[in-house]
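>
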Amino acid sequence: MIQNWNDFCDELLKAGFSIFGGNTEGVFGLIDFDWQNAPPGSPIQWHTGDPDTDPWAWRMRVLAERDDVAYSKVFFRKGGFITRDWYPYFLALRRSGETFAEAYEDGKYSHNAKRIYDTLSAHGELPFHEIKAHGGFDRAGQSRFEKALVDLQMGLYITICGESQKRNKYGEAYGWSSTVFCLTEQFWPQDVFDKAAGVTAEEAESAITSQVLRLNPAANLKKIRKFIFG
242 MIQNWNDFCD ELLKAGFSIF GGNTEGVFGL IDFDWQNAPP GSPIQWHTGD PDTDPWAWRM
302 RVLAERDDVA YSKVFFRKGG FITRDWYPYF LALRRSGETF AEAYEDGKYS HNAKRIYDTL
362 SAHGELPFHE IKAHGGFDRA GQSRFEKALV DLQMGLYITI CGESQKRNKY GEAYGWSSTV
422 FCLTEQFWPQ DVFDKAAGVT AEEAESAITS QVLRLNPAAN LKKIRKFIFG
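For the sequence shown, the numbering used here gives the first residue as 242, with consecutive numbering after it.
Here's what the structure looks like:
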């Protein structure tokens, strides 16, 4: 059983990927219970703020302290982790070798997604609220903005790269932290993309499927396919 942050990192590197949170969709998750239902006696406690035993804190801690794990909304449109070793396999399948411009021209992404992508291309890393401001999104378009943001994460064109607090005109921090996003090319070094280019779709699907079944022999095959392709 995972007891703390170090255990989580060790097991994640062995697994290669994991859905985050209690609902693992019948596929696989390292912490397969939700914040209300930790096993009796478990030191894991959600939403305490303890960086060693609070899985909610691990989402951002993994981005701040490691360079071999990505966290974003990548599985079933919700959070998940993928290690550097396994990211190329998902890239090979989710992107199919297409640049974002090519995928947009093929009609795979909305104009709102293009606005977000272009904003991050122009400005680099940006917190959620600044993407909205730079991209010209208003309150009326909130749901479309959030959908497009998840679409881009699922396609592995953008990823979460940290968090940042809002600041007032005096430079003082206030409110809740805001999630920071960047292009996936800004997050990973070039060798991750080079490896993806050398993997066929068939090889990638077979590798991920085999790994899921090793981690969870009872995983549903239809769910595995959705887990893989998004």
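Here a beta-carbon is modelled for each residue, glycine too, at the ideal position from N, C-alpha and C.
Rank Gly320, Leu332, Ser283 and Pro296 by C-alpha distance to the C-alpha of Phe470 and give the top, closest one.
On the sequence shown, position 229 is the one that residue 470 refers to. When each option's Cα is compared against that of Phe470, the closest is Leu332.
> Do Phe316 and Phe468 have their C-beta atoms within less than 7 Å of each other?
Within the sequence shown, the letter at position 75 stands for residue 316. Within the sequence shown, the letter at position 227 stands for residue 468. In this structure, Phe468 lies closer than 7 Å to Phe316 by Cβ.
> So, with DSSP's three-state summary, where would you put Tyr398?
The sequence position of residue 398 within the sequence shown is 157, counting from 1. It is coil, neither helix nor strand.
> By DSSP's criteria, Ala298 is part of a beta bridge. Which residues make up the other side?
Translated into positions along the sequence shown, residue 298 becomes position 57. Paired residues: none, contrary to the question.
> Just to confirm the assignment, what range does the alpha helix (DSSP H) spanning Val433 have?
In the sequence shown, counting from the first residue as 1, residue 433 sits at position 192. Gln431 to Ala438 is the extent of the alpha helix (DSSP H) around Val433.
> Give the range of the beta strand (DSSP E) segment to which Thr340 is assigned.
Numbered from 1 along the sequence shown, position 99 holds the residue referred to as residue 340. Counting along the chain, Thr340 falls outside any beta strand (DSSP E), and DSSP gives it neither H nor E.
> Note down, in chain order, each residue of its chain lying with its Cβ closer than 6 Å to the Cβ of Ser313, except the 5 sequence neighbours on either side.
As a first step, residue 313 must be located in the sequence shown, where it is residue number 72. Counting only Cβ-Cβ distances below 6 Å, and skipping sequence neighbours, we find Gln394, Thr400 and Ile401.
> Check Pro458 in the structure and name its three-state DSSP category.
As a position in the sequence shown, residue 458 is number 217, starting the count at 1. Coil, per DSSP.
> Which whole-angstrom value is the C-beta distance of Phe274 and Pro281, which I expect to be below 8 Å?
Translated into positions along the sequence shown, residue 274 becomes position 33. Translated into positions along the sequence shown, residue 281 becomes position 40. Rounded, the Cβ-Cβ distance is 11 Å, inconsistent with contact.
> Would you please state the rounded distance, in angstroms, between the beta carbons of Phe322 and Val453? I believe it to be under 8 Å.
Mapped onto the sequence shown, residue 322 falls at position 81. Mapped onto the sequence shown, residue 453 falls at position 212. With 8 Å as the limit, Phe322 and Val453 do not qualify as a contact, their Cβ atoms being about 14 Å apart.
> Which word fits Leu462, buried or exposed, when buried means at least 16 other C-beta atoms lie within 10 angstroms of its C-beta?
As a first step, residue 462 is located in the sequence shown; it is residue number 221 there, counting from the start. Per the 10 Å Cβ criterion, exposed.
> Considering only the alpha carbon of each residue, which of Asp293, Asp435, Glu446 and Tyr350 lies closest to Arg385?
Numbered from 1 along the sequence shown, position 144 holds the residue referred to as residue 385. Selected option, being the one with the closest Cα: Tyr350.
> Helix, strand or coil for Thr425, going by three-state DSSP, please let me know.
Here residue 425 corresponds to residue number 184 of the sequence shown, with the count starting at 1. Residue state, collapsed to three classes: helix.
> Given His364, which residues of its chain have a CB within under 7 Å of its CB, disregarding the five upstream and five downstream residues?
As a working note, residue 364 is residue 123 in the sequence shown. Cβ within range, chain order: His375.
> Among Arg318, Glu444 and Leu271, which has the Cα closest to the Cα of Asp392?
Counting from 1 along the sequence shown, the entry for residue 392 is found at position 151. The shortest CA-to-CA distance from Asp392 to any of Arg318, Glu444 and Leu271 is the one to Arg318.
> On the three-pair Cβ rule with 8 Å, is the stretch 405-413 touching the stretch 282-302?
Contact between the stretch 405-413 and the stretch 282-302 is absent, with fewer than three C-beta pairs closer than 8 Å.
> Could you tell me how far apart the beta carbons of Pro329 and Lys436 are, in whole angstroms, since I believe they sit closer than 8 Å?
Counted from its first residue, the sequence shown places residue 329 at position 88. Counted from its first residue, the sequence shown places residue 436 at position 195. Contact between Pro329 and Lys436 holds, since their C-beta atoms are separated by about 4 Å, short of 8 Å.
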